[in-house]
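Residue numbers (my numbering): 3 to 429.
Note that the Cβ used here is the ideal one computed from N, Cα and C, for glycine as well.
Let me begin by presenting the structure, written as structure tokens, before commenting on it.
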RNA sequence: GGAGAGGUGGCAGAGCGGUUGAAUGCACCGGUCUUGAAAACCGGCAGGGGUUAACGCCCCUCCAGGGUUCGAAUCCCUGCCUCUCCGCCA
């Protein structure tokens, strides 16, 4: 959520910033809502004040043994009017809240202007794009030939956009996740967490998936508003919901390996082949909460932590800054890491690292006690994939493939593979 | 699944339907004392919102949502959560 004070005091400025991402702020509607809110709120508070004063007077009179009937007559009419005005105020405030919940974050000044991914700015490239003296296969052909990937079985078990992994490929997938977790906990200072894969609606409001992106989520049957997590960002960041952290608990850095569930509504026909876009995939997620003045520094560091995974795996990649129009709802700035996929002959997103500044923290009341002011203040939250495990598996398979259809195991992964050096077809 | 107890400020823990947004203790901050520290003593210390140039004034919040009442932390209903015992279970 945006700072309501900023929204009130400088709506034109907010509108201009939101326009950069193609969002049109309804200034007239906002002004009208504000106008109604203000007059109703003033009126309600005035009535409440009168009621409180009279009620206290009644209490005093009663204690003094005086006749309270005249006083009771005075307040008689107050109740109904107050009730009506309170209801009107509630309606307006709910409208205002909905209005605010649908406003995306403001793009940071360092974010390039643009409409879509075409306008993203490439920051740097790392690694050598591999040359093959044979026609490289994509992970689907490789995996099926190796007996390690079975999309047909998954379609039978569930439906499209799922995969079954077997044998060495399944192990490689597990090794990747373990390797990432160990790297981030041992080298980068994150605390490992195990979290629920089902969350309530408050959590999804907190990180910004709700109310706007309901269709992207899997909701469970039943009375309760429970959803499968689309990313561990949701449970991890919501660890701080309604909390006030002491200053010495900062920076807060957690990592978790979880499955992620996405409905991919609206992605019909997109990446239908292979493991790139699945309803269920594993991800190692990095989350930080820091002092406001440190968040952009933290974003750089966290992006570096994700990059480190690719570097150790020796996978070529590039870093792009998302342009204003390509930015996610809650983010003020995002770096995407894109890994080179020989099977597609192009870079594909494998990690997305964002600074949300106080946008998520305001929604979830995630605060810290600032020793300088003694007051609770909003934290800044940052997160990023470190990395998407399924897509990393794809990248390893495609980049490490050999002419005979086998796959070399990246050196850094071998400790998690029992020392195994290559993956060959299984009998 | 059955039976019971409970959810109050950063934490612990009081609270008769009425000057209680809340005793007390701890923690924290400032001060006195001390060479310094500790102890002791004094003072401060919930969150959110409205209004104001500011001092201030006002409103809301004692798990959440309804209800009773002139007035609710306190009474009633529903939900959620926690704890204890029994049963079941990985």
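Proximity of residue i and residue j at Cβ, strictly below 8 Å
i           : j           : result
residue 16  : residue 108 : yes
residue 311 : residue 212 : no
residue 275 : residue 142 : yes
residue 342 : residue 318 : yes
residue 239 : residue 209 : yes
residue 265 : residue 220 : yes
residue 56  : residue 76  : yes
residue 308 : residue 387 : yes
residue 197 : residue 237 : yes
residue 414 : residue 288 : no
residue 144 : residue 409 : yes
residue 99  : residue 80  : no
residue 393 : residue 350 : yes
residue 60  : residue 49  : no
residue 327 : residue 129 : no
residue 206 : residue 229 : yes
residue 344 : residue 13  : no
residue 174 : residue 395 : yes
residue 389 : residue 364 : no
residue 398 : residue 412 : yes
residue 46  : residue 97  : no
residue 123 : residue 320 : no
residue 297 : residue 382 : yes
Helix, strand or coil at residue i [DSSP, three-state]
i           : result
residue 295 : helix
residue 378 : strand
residue 411 : coil
residue 246 : strand
residue 124 : strand
residue 283 : strand
residue 424 : strand
residue 113 : coil
residue 323 : strand
residue 211 : coil
residue 221 : strand
residue 143 : helix
residue 103 : helix
residue 159 : helix
residue 108 : coil
residue 151 : strand
residue 288 : strand
residue 306 : helix
residue 132 : coil
residue 275 : coil
Exposed unless 16 or more other CB atoms sit within 10 angstroms - verdict on residue i
i           : result
residue 334 : buried
residue 403 : buried
residue 227 : exposed
residue 192 : buried
residue 372 : exposed
residue 40  : exposed
residue 222 : exposed
residue 285 : buried
residue 400 : buried
residue 269 : exposed
residue 374 : exposed
residue 72  : exposed
residue 233 : buried
residue 140 : buried
residue 360 : buried
Q) Does the stretch 330-342 come within contact of the stretch 351-367, defined as at least 3 CB pairs closer than 8 Å? A) yes
(Q) If we require 3 or more residues per run, which beta strand (DSSP E) segments fall completely within the stretch 164-205? (A) 200-202
**Q.** Whole alpha helix (DSSP H) elements within the stretch 331-404, 4-residue minimum
**A.** 361-366, 391-401
Q. With contact counted as at least three CB pairs below 8 Å, one residue from each stretch, are the stretch 294-303 and the stretch 97-108 in contact?
A. Because the criterion of three Cβ pairs below 8 Å is not met, the stretch 294-303 and the stretch 97-108 do not touch.
Q. On the three-pair Cβ rule with 8 Å, is the stretch 235-245 touching the stretch 363-381?
A. yes
Q. Is there contact here, the stretch 176-184 with the stretch 253-273, by at least three beta-carbon pairs under 8 Å?
A. yes
Q. In the stretch 224-271, which residue ranges form an unbroken beta strand (DSSP E) of at least 3 residues, counting only runs that do not cross its ends?
A. 228-230, 254-263
**Q.** Three-pair Cβ contact test at 8 Å for the stretch 422-429 versus the stretch 136-152
**A.** Because the criterion of three Cβ pairs below 8 Å is met, the stretch 422-429 and the stretch 136-152 touch.
Q. Which ranges does the beta strand (DSSP E) cover as unbroken runs of at least 3 residues, wholly within the stretch 15-91, from first to last along the chain?
A. none
Q | Cβ pair count under 8 Å reaching 3, the stretch 92-101 against the stretch 280-290 | A | no
Q | Contact the stretch 28-43 vs the stretch 111-121: 3+ CB pairs below 8 Å | A | In this structure the stretch 28-43 does not lie against the stretch 111-121, because fewer than three pairs of beta carbons, one per stretch, are closer than 8 Å.
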